[in-house]
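Quick notes on the structure that follows.
Protein chains: 2
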Amino acid sequence: MNSELSAFFDHALPAIDASLDRLVPSESTPPARLHQAMRYSLFAGGKRLRPALSVAGFALCRPDWNDVLPVACAFEMIHTYSLIHDDLPAMDDDDFRRGIPSCHRKFGEAIAILAGDALLTLAMETIARADAFPPDRLLRVTAMIARAAGTPAGMIAGQVFDLEAEGRPIGEINVEQIHRSKTGALITTAVTAGAFLGGVSEAELEAVRVYGERIGLAFQIVDDILDETVPMETLGKTGGKDRDQQKATYPALVGLDKSRAIVAEITGQARRSIEGLGGRARILLSIADYLETRSH
Amino acid sequence: MNSELSAFFDHALPAIDASLDRLVPSESTPPARLHQAMRYSLFAGGKRLRPALSVAGFALCRPDWNDVLPVACAFEMIHTYSLIHDDLPAMDDDDFRRGIPSCHRKFGEAIAILAGDALLTLAMETIARADAFPPDRLLRVTAMIARAAGTPAGMIAGQVFDLEAEGRPIGEINVEQIHRSKTGALITTAVTAGAFLGGVSEAELEAVRVYGERIGLAFQIVDDILDETVPMETLGKTGGKDRDQQKATYPALVGLDKSRAIVAEITGQARRSIEGLGGRARILLSIADYLETRSH
């Protein structure tokens, strides 16, 4: 990570965490266990990639990015809810997440299901109340985030595609379709929603969308590579699990070396897409570099 | 049910069902099993109380209520998602709902969890895209529905209060608080959102809100009375289950006769609250009568 990106994260991540802390009911507000579970998973050491992308997208036009924080946090809430539900016994059945017990292991299945539901609901409420922006823009962002999180083009559809692919011969599976909907759509929308609220032109928005789509895919492929190659202690979750569950991944489909080459290629496409934005896009370019080369 | 209300339902319910059918991806759209599960639960014979209340609230000012149908349907989507998640083994563990296998019994737990998530998400997207209304009004409705469906004042909080009350001595439990958040908030918001979008005055909106709150509570108490007194075949779900699970209900707290008296009293409060609206409120008054005297 270069020093400019490092300075950006040093500034943005604490602001994102402080905003999340303000937005979620306190641990003592009844029903306390529900709010404890929401906070447990929200503050479990996530990378904050999606809200950081919203902030960086917004900063293309508006270096004063404080106004976008609630909307940025809505993306983190939706991401966190999806992890809580994905970890449930009926889904991926993961006991650990980010090095600590997953939400249902800590709070029980019922509370975990409801904490996920509540984070999704709070994400929508948070956008609806983000009164720093005109209502028509917030309404468009609400539609964008719901589409990216839902079905048939978004995250929930991707999770079903992923579940259905388990155990099937890898050659019969459209891995890119799974990644595009399961993780790509929300990452893409995080950066485009930020850029849209910041006020980029339609042409710039399309460039940012392509950037988001490319880094979203790269991000997931890197995740799958790390799952195969990095020990569990570093990963904070059960490594090698994708392979054990016969998940649809690029490493399974084309091997590690070719997967790395694909990551380099599509990260290059992401970079080129936002070249026209000039110096304003430096943080987004650095995020692309960082996602390509990250080791956990 | 009087003939005017019967005519209203004959007109409104097919329109609500047709609107739901347009809003939800078809059974053949991939991922097909997800959309089949969403439709299975949405079209399983629900009473459509919440969307009917939105339509009736809207019709206070706008007899041409077609425009409000998407928003009305969003309430039914949220209600249906809550039933799917409530029926899960980790929650109330119900095998039947409306006389047929519950969603997870039919499609498996993973798909049921995701179908619920998708209905909640689609509800929000539907409101955001309901372009018959000004964005600021839709944004306020989004905030209202999210608050009513979420925590700490809405449906998810109520479900946690309900789970936490199980097995505890009934005297220590605030049954009204559970009902108010678990079912009351969404019913109240269904009718107020409709009235708000139709264009009632602030004073009228407050009258409608009190009406919704009172019929919401009456509705739940009647539900609990029916659970104790009506055979399973009529109810379409496992009767007497509340008692077996030591659920917090009015019949358990004060007995059947006193529960019936409370229903009559709060239904009267609901009626009086909207007296000032005159003849326009006839449908809402008939709905209050119907909810008080329904037998299933």
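Those protein sequences? They're chains A and B, same order as listed. Using the working numbering, the letters of the first sequence correspond one by one to residues 1 to 296. Using the working numbering, the letters of the second sequence correspond one by one to residues 1001 to 1296. Cβ coordinates follow ideal geometry from the N, Cα and C atoms, glycine included. Values in this document were obtained by computation on a predicted structure and should not be read as measured data.
**Report entry** Residues that Pro345(A) bridges to, as DSSP identifies them
**Finding:** Shown here, chain A extends from 1 to 296; a query on residue 345(A) therefore has no answer.
Requested in this report: Go through its chain and collect everything with a Cβ distance to Ala1195(B)'s Cβ below 8 Å, but skip five positions before and after it.
Outcome: Gly1057, Phe1058, Leu1060, Cys1061, Glu1204, Leu1205 and Val1208
**Report entry** Close-in-space but distant-in-sequence residues of the same chain around Gln36(A) (CB under 6 Å, 5 per side omitted)
**Finding:** Glu27
Query raised in the report: Going along chain B, which residues have a C-beta under 8 Å from Ala74(A)?
Result: Those do not exist, as Ala74(A) stays about 11 Å from chain B at its closest Cβ, beyond 8 Å.
**Report entry** Distance CB(Thr151(A))-CB(Pro1070(B)) smaller than 9 Å
**Finding:** no
Query - Any 3 or more C-beta pairs closer than 8 Å across the stretch 285-293 of chain A and the stretch 1002-1017 of chain B - result: Too few Cβ pairs lie closer than 8 Å, so no.
Query raised in the report: Are the beta-carbon atoms of His1179(B) and Gln1220(B) separated by less than 9 Å?
Result: yes
Query raised in the report: Which first and last residues belong to the alpha helix (DSSP H) in which Cys1061(B) is found?
Result: That residue, Cys1061(B), is in no alpha helix (DSSP H); it is neither H nor E in DSSP.
Query raised in the report: Helix, strand or coil: which one does DSSP assign to Val1079(B)?
Result: Just to set this straight, residue 1079(B) is His in the shown sequence, not Val. Correct three-state label for His1079(B): helix.
Report task. Note down, in chain order, every chain A residue with its Cβ under 9 Å from the Cβ of Asp1021(B). Result -> Ordered by position in chain A, no residue passes the 9 Å Cβ test against Asp1021(B), which lies about 16 Å from the chain.
Requested in this report: Would you check if there are 3 or more beta carbon pairs closer than 8 Å linking the stretch 1169-1177 of chain B to the stretch 1123-1133 of chain B?
Outcome: Short answer: they don't touch.
Query raised in the report: Between Thr1189(B) and Val254(A), what straight-line distance do the alpha-carbon atoms span, to the nearest angstrom?
Result: 52 Å
Query raised in the report: Where does Lys247(A) land, buried or exposed, given buried means 16+ other C-beta within 10 angstroms?
Result: Its Cβ being crowded by 16 or more others within 10 Å, Lys247(A) is buried.
**Report entry** Exposure label - Thr1293(B); buried when at least 16 CB within 10 Å
**Finding:** Using a 10 angstroms sphere on the CB of Thr1293(B), the tally of other CB atoms stays under 16, which defines it as exposed.
Query raised in the report: Considering only C-alpha positions, which residue in the set Lys182(A), Ser201(A) and Thr229(A) is nearest to Glu213(A)?
Result: Lys182(A)
Query - Selection of the stretch 1114-1144 of chain B by Cβ proximity to chain A, strictly under 7 Å - result: So the list reads Leu1114, Asp1117, Ala1118, Leu1120, Thr1121, Leu1122, Met1124, Glu1125, Ala1128, Arg1129, Pro1135, Asp1136, Leu1138, Leu1139, Thr1142 and Ala1143, given in the order they occur along the chain.
Query raised in the report: So the alpha helix (DSSP H) Asp289(A) belongs to, where does it begin and stop?
Result: Arg282 to Thr293
Query raised in the report: With distances taken from CA atoms, which of Pro1134(B), Met1077(B) and Gly1116(B) is nearest Ile1145(B)?
Result: Met1077(B)
Query raised in the report: Can you check whether the CB of Arg137(A) is closer than 9 Å to the CB of Ala185(A)?
Result: With respect to Arg137(A), Ala185(A) sits apart: the two C-beta atoms are not nearer than 9 Å.
Report task. For Ile1274(B), name the three-state secondary structure that DSSP assigns. Result -> Ile1274(B): coil per DSSP, three-state reduction.
Query raised in the report: Which chain B residues are close to Arg147(A), counting only those with a beta carbon under 8 Å from its beta carbon?
Result: Glu1125
Report task. Label Pro251(A) either buried or exposed according to how many other C-beta atoms from any shown protein chain fall within 10 Å of its C-beta, with 16 as the threshold for buried. Result -> buried
**Report entry** CA-to-CA distance, Ser201(A) to Pro63(A), given in whole angstroms
**Finding:** 16 Å
Query raised in the report: My guess is that Ser19(A) and Cys73(A) are in contact by the Cβ rule of under 8 Å, so how many angstroms apart are they, rounded?
Result: 5 Å
Query - 6 Å CB neighbourhood of Ala1052(B) in its chain, flanking five on each side removed - result: Within the same chain, and ignoring the five residues on either side of Ala1052(B) in sequence, the residues whose Cβ sits closer than 6 Å to its Cβ are Ala1012.
Query - alpha helix (DSSP H) segments (min. 4 residues) lying fully within the stretch 10-48 of chain A - result: 32-42
Query raised in the report: For Ile1187(B), which option in Ala1165(B), Glu1176(B), Tyr1211(B) and Gly1199(B) has the closest C-alpha, if you only look at C-alpha atoms?
Result: Tyr1211(B)
Requested in this report: Could you confirm whether any beta carbon from chain A is found closer than 9 Å to the beta carbon of Pro1070(B)?
Outcome: no
Query raised in the report: What's the C-alpha gap between Phe1161(B) and Thr29(A)?
Result: 12 Å
Report task. Write down every uninterrupted run of the beta strand (DSSP E) in the stretch 1090-1167 of chain B whose length is 3 residues or greater and which is fully enclosed by it, in chain order. Result -> none
Requested in this report: Any chance you could list the alpha helix (DSSP H) runs of at least 4 consecutive residues sitting entirely within the stretch 1167-1241 of chain B, in chain order?
Outcome: 1175-1179, 1185-1198, 1202-1229 and 1232-1235
Query raised in the report: Nearest-angstrom Cα distance between His85(A) and Ala115(A)?
Result: One C-alpha to the other measures close to 9 Å.
Query - Pairwise C-alpha distance: Ala1143(B) and Asp1289(B) - result: If I take the Cα positions, the gap works out to 30 Å.
Query raised in the report: With Ile1156(B) and Thr121(A) assumed to form a contact (beta carbons below 8 Å), what rounded beta-carbon distance in angstroms separates them?
Result: 7 Å
Query raised in the report: So, is the C-beta of Ile111(A) closer than 9 Å to a C-beta in chain B?
Result: yes
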